[in-house]
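Below you'll find the structure, written out as structure tokens, and then a few comments.
2 protein chains.
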Amino acid sequence: MSQEFEAEFVRWLSERLPQSKNLTLPMGDDGALLAPTATDINPAQIVATTDLLSDGIDFRLGEVDPQRIGRKALAVNLSDLAAMAARPLAVVMAIALPSQSSAGWLPAKYHSQSDRPQGLLELAKSLYEGMLPLAEQFNVPVAGGDTNLHDGPLVLSGTALGTVTREGPLTRSGGQPGDRLLVTGTVGGSLAAHQFDFTPRIEEALQLNAAYELHAGLDISDGLAIDAARLATSSGCGAAIDLDRLPISAAARLLENPVEHALADGEDFELLLAVPPQEAAHLLAEGPLGCGLTDIGELVSQTGLWQRSADGKLAPLAPTGWLHGQPHRGSR
Amino acid sequence: MSQEFEAEFVRWLSERLPQSKNLTLPMGDDGALLAPTATDINPAQIVATTDLLSDGIDFRLGEVDPQRIGRKALAVNLSDLAAMAARPLAVVMAIALPSQSSAGWLPAKYHSQSDRPQGLLELAKSLYEGMLPLAEQFNVPVAGGDTNLHDGPLVLSGTALGTVTREGPLTRSGGQPGDRLLVTGTVGGSLAAHQFDFTPRIEEALQLNAAYELHAGLDISDGLAIDAARLATSSGCGAAIDLDRLPISAAARLLENPVEHALADGEDFELLLAVPPQEAAHLLAEGPLGCGLTDIGELVSQTGLWQRSADGKLAPLAPTGWLHGQPHRGSR
Chain A
48 MSQEFEAEFV RWLSERLPQS KNLTLPMGDD GALLAPTATD INPAQIVATT
98 DLLSDGIDFR LGEVDPQRIG RKALAVNLSD LAAMAARPLA VVMAIALPSQ
148 SSAGWLPAKY HSQSDRPQGL LELAKSLYEG MLPLAEQFNV PVAGGDTNLH
198 DGPLVLSGTA LGTVTREGPL TRSGGQPGDR LLVTGTVGGS LAAHQFDFTP
248 RIEEALQLNA AYELHAGLDI SDGLAIDAAR LATSSGCGAA IDLDRLPISA
298 AARLLENPVE HALADGEDFE LLLAVPPQEA AHLLAEGPLG CGLTDIGELV
348 SQTGLWQRSA DGKLAPLAPT GWLHGQPHRG SR
Chain B
48 MSQEFEAEFV RWLSERLPQS KNLTLPMGDD GALLAPTATD INPAQIVATT
98 DLLSDGIDFR LGEVDPQRIG RKALAVNLSD LAAMAARPLA VVMAIALPSQ
148 SSAGWLPAKY HSQSDRPQGL LELAKSLYEG MLPLAEQFNV PVAGGDTNLH
198 DGPLVLSGTA LGTVTREGPL TRSGGQPGDR LLVTGTVGGS LAAHQFDFTP
248 RIEEALQLNA AYELHAGLDI SDGLAIDAAR LATSSGCGAA IDLDRLPISA
298 AARLLENPVE HALADGEDFE LLLAVPPQEA AHLLAEGPLG CGLTDIGELV
348 SQTGLWQRSA DGKLAPLAPT GWLHGQPHRG SR
């Protein structure tokens, strides 16, 4: 972007972004300096995840308040940390803003009316304003970043860093046949609002990982069906889902074929966990989570994705889910 | 991208990316797990930097071998670590590939000729193939990542993580009036080839930071003039450049006004260091760097950017440099 715009934006950011004891260098240097301070962390291990959102694929700038877009860009990255039961340390955010010359990528309300690109500056600020309440909620600084103009759609590329607690990270590969599959919250119908409003399951993941024996886990981003298949594959086994047990969201219940939406909509950002059966019974009896936790099936020795029919037999289940690069979720 | 494409690409990546003792989790989980192993690091501090490159701004996909684009995306992030004298720990790379439907963003040679997007897969592989030799040279794993299709130009968004050595990080803010300004290598003319071929000054930064007292430093990405002004501003002083001392590159010497190119071209990715005068004399006498090190001026108490004229007086110097979001460097 122009030097004037860049300077003004960095000045605004340095005033707007809260101080954090995890960040020990002021903005404007070549990088952010992070100093983990939590006392229960394993300092020898850092978790890094990255997730990139594009206009036309993950949101539509012309239709959505940019604060919700900024919030989502942060939330999807925090959800990846939750999937590993990592404690957020910092997020760095790179943003490519559509230059006004980009054909059609910049809605007219962000066009500048003078020689100063005030509209774009407001857009950049709004994206950050959307991130900050969520960042504050999880006490995670948004560190550094890179904000550019380019001749294309709005792109937000976040990288979240987290620290591993004493219990170690939650991975996808530790599941065993017989493990129960537990899912937090509800699934399906994320298109209506949940894709922008969801709360990453950071606290739930830390709480469960600290108090219970979890074999494996991930966050449901592309769809319960495909993500269950991925967890099973990473663990070298299969997954059998009891379709009549799915905790279907209120939004999905309003749609035709709620079960299909629950399996395939994606962007639920709920945790899917593989838990040894006795521990699962213990966990479900104690019910420690306010968001709820539902037993939806189990890992099985037959690789693949299955649904269990009424007579207990396994029938193939398609690993449906959202296909990256397909038309925007909003136009499905 | 399509699940088939994504699965094939992740499979290729898991086989192609080398093992690293810094990475303790196989690919395909929700995040990368990093475990610093160097013995001279300060485990309480992690450096994070991010840099996003877009087609049309930082390169032209239709004109440049994608291996050089991938290499550049990694190298610019490593250069930011060098600017802080941090030892590379890992890089995560998010890539947005232009879907074939994107108007004009995908050169015809990458269009698939069948129902499988083989062309795009080859493009994604080539980007990584360009990164890997550089990653190997600096022993830095390319961890995790996120590869998507979108309806826009090729975007590569890298985040580099580094560890701080015992001497602490090199920042922009520690310079003092009287410090000599030293620059590694040569500057100017990066457009010809250097923007793709440069070697990040990681080793030089670690070597100098370990053996000498450096007050401040950065990497010259936007132009010697504007970056010298930034270093001075961060340090609360001004910078005076002796224009007749600039180490002008051979490429810039072929152009009209080589001095202007040396000041303003940017993408030199050389280190600009502020060093106390006696230490600078010591350092220049010892000449420890193969790439050379040149005294080009000093920090002064008058804020602003200055050139020193023959009679020793200061005259204003424009903080020229590359403007992000301007037309591609290649079309200047």
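Taken in order, these protein sequences are the chains called A and B. For the first sequence, counting from 1, position 26 maps to 73 in my numbering; every step adds exactly one. For the second sequence, counting from 1, position 73 maps to 120 in my numbering; every step adds exactly one. The beta carbon of each residue, even a glycine, is placed where N, CA and C say it ideally should be. Every value quoted in this text rests on a predicted model; they were computed, and no experiment measured them.
Could you check which residue in the options has the C-alpha nearest to that of residue i?
i        : options                                   : result
Val382/B : Val347/B, Ala272/B, Pro247/B and Pro323/B : There is no way to answer for residue 382/B, as the model of chain B reaches only from 48 to 379.
Gly192/B : Leu217/B, Asp198/B, Ala182/B and Leu203/B : Leu203/B
Gln349/B : Ala79/B, Cys338/B and Leu361/B            : Leu361/B
Leu174/A : Ala120/A, Ile93/A and Gln242/A            : Ala120/A
Ile58/A  : Ser146/A, Lys172/A and Pro135/A           : It should be noted that the sequence gives Arg, not Ile, for residue 58/A. Of the candidates Ser146/A, Lys172/A and Pro135/A, the one whose C-alpha sits nearest the C-alpha of Arg58/A is Lys172/A.
Thr233/B : Asp77/B, Leu108/B, Gly337/B and Pro324/B  : Gly337/B
Ala133/A : Trp369/A, Glu250/A and Leu60/A            : Glu250/A
Ala275/A : Leu238/A, Leu253/A and Leu229/A           : Leu229/A
Met140/A : Leu167/A, Leu201/A, Ile93/A and Gly166/A  : Leu201/A
Leu92/A  : Asn124/B, Ala137/B and Leu128/B           : The question names Leu, but residue 92/A is Gln in the sequence shown. Looking at the Cα atoms, Ala137/B is the closest of the given residues.
Met41/A  : Gly359/A, Leu64/A, Thr96/A and His241/A   : What the structure shows of chain A is the stretch from 48 to 379, and residue 41/A is not part of that stretch, so it cannot be assessed.
Ala299/A : Glu110/A, Gln147/A and Ser237/A           : Ser237/A
Ser268/B : Ala252/B, Leu261/B, Gly235/B and Leu253/B : Gly235/B
Cys145/A : Gln114/A, Leu108/A and Gly199/A           : According to the sequence shown, residue 145/A is Pro rather than Cys. It is Gly199/A whose Cα lies nearest to the Cα of Pro145/A.
Leu310/A : Glu55/A, Gly103/A, Gln184/A and Trp369/A  : Trp369/A
Phe56/A  : Asn124/A, Gly109/A, Leu108/A and Gln165/A : Gln165/A
How many Å lie between residue i and residue j at the Cα?
i        : j        : result
Leu290/B : Ser356/B : 9 Å
Leu153/A : Pro216/B : 39 Å
Gly186/A : Leu208/A : Residue identity check: residue 186/A is Asn in the sequence provided, not Gly. Approximately 13 Å, taken between the alpha carbons.
Leu302/B : Glu53/A  : 29 Å
Leu293/A : Gly221/A : 23 Å
Ile295/B : His308/B : 8 Å
Arg277/A : Phe245/B : 40 Å
Thr231/B : Gly351/B : 22 Å
His197/A : Arg118/B : 20 Å
Gly78/B  : Pro135/A : 12 Å
Pro363/A : Ala287/A : 9 Å
Ala130/A : Ala321/A : 12 Å
Gln223/B : Pro335/B : 24 Å
Asp112/A : Phe243/A : 10 Å
Ala328/B : Gly103/A : 56 Å
Glu183/B : Leu108/B : 24 Å
Count the other CB atoms, across all protein chains shown, that sit within 10 Å of the CB of residue i; report buried if there are 16 or more and exposed otherwise.
i        : result
Arg227/B : buried
Asn304/B : exposed
Lys156/B : exposed
Ala365/A : exposed
Ser282/A : buried
Ala297/B : exposed
Ala240/A : exposed
His354/A : His is not the amino acid found at residue 354/A; the sequence shown has Gln there. Its Cβ being crowded by 16 or more others within 10 Å, Gln354/A is buried.
Ser148/B : exposed
Gly151/B : exposed
Ser61/B  : exposed
Gly313/A : buried
Ala190/B : buried
Gly339/B : exposed
Ala252/B : buried
Just to confirm, are residue i and residue j a CB contact at a threshold of 8 Å?
i        : j        : result
Leu318/A : Gly225/A : no
Leu99/A  : Phe106/A : no
Glu285/B : Ala279/B : Note that residue 285/B corresponds to Gly in the displayed sequence, not to Glu. Yes, Cβ-Cβ distance for Gly285/B and Ala279/B is below 8 Å.
Leu181/A : Ala257/A : no
Arg219/A : Leu255/A : no
Leu167/A : Ser159/A : yes
Arg213/A : Ser126/A : no
Asp315/B : Leu331/B : no
Val94/B  : Leu80/A  : yes
Ile142/A : Thr194/A : yes
Pro188/B : His262/B : no
Thr367/A : Thr206/A : no
Glu326/A : Tyr259/A : yes
For residue i, would you say it is in contact with chain D, using Cβ-to-Cβ distances shorter than 8 Å as the test?
i        : result
Ile104/A : Here chain D cannot be found, since the structure's protein chains are A and B.
Worksheet entry | Residues of the region 254-267 of chain A whose Cβ lies closer than 8 Å to any Cβ of chain B, in chain order | Within the region 254-267 of chain A, contact with chain B at the beta-carbon level (separation under 8 Å) is assigned to Leu265 and Asp266.
Practice prompt. Could you list the residues in the region 214-246 of chain B with a C-beta less than 8 Å from some C-beta on chain A, going in chain order?
Written response: Pro216, Thr218, Arg219 and Ser220
Worksheet entry | Interface residues of the region 137-162 of chain B facing chain A [CB-CB below 7 Å] | Of all residues in the region 137-162 of chain B, Ala137, Val139, Ala141, Ala143 and Ser146 have a Cβ within less than 7 Å of some Cβ in chain A.
Practice prompt. Could you name the residues of the region 166-180 of chain A whose beta carbon sits closer than 7 Å to any beta carbon of chain B, in the order they occur along the chain?
Written response: So the list is empty, because no residue satisfies the distance condition.
Worksheet item: Given a limit of 8 Å on CB to CB distance, which residues of the region 303-324 of chain B reach chain A?
Response: Here the close residues number zero.
Practice prompt. Can you give me, in chain order, the residues of the region 280-297 of chain B that have a beta carbon less than 8 Å from any beta carbon in chain A?
Written response: Cβ contacts with chain A come from Ser281.
Fill in: Residues of the region 196-208 of chain B whose Cβ lies closer than 7 Å to any Cβ of chain A, in chain order
Those residues of the region 196-208 of chain B that come within reach of chain A (Cβ to Cβ, closer than 7 Å) are Leu196, His197, Asp198, Gly199, Pro200, Val202, Ser204, Thr206 and Leu208.
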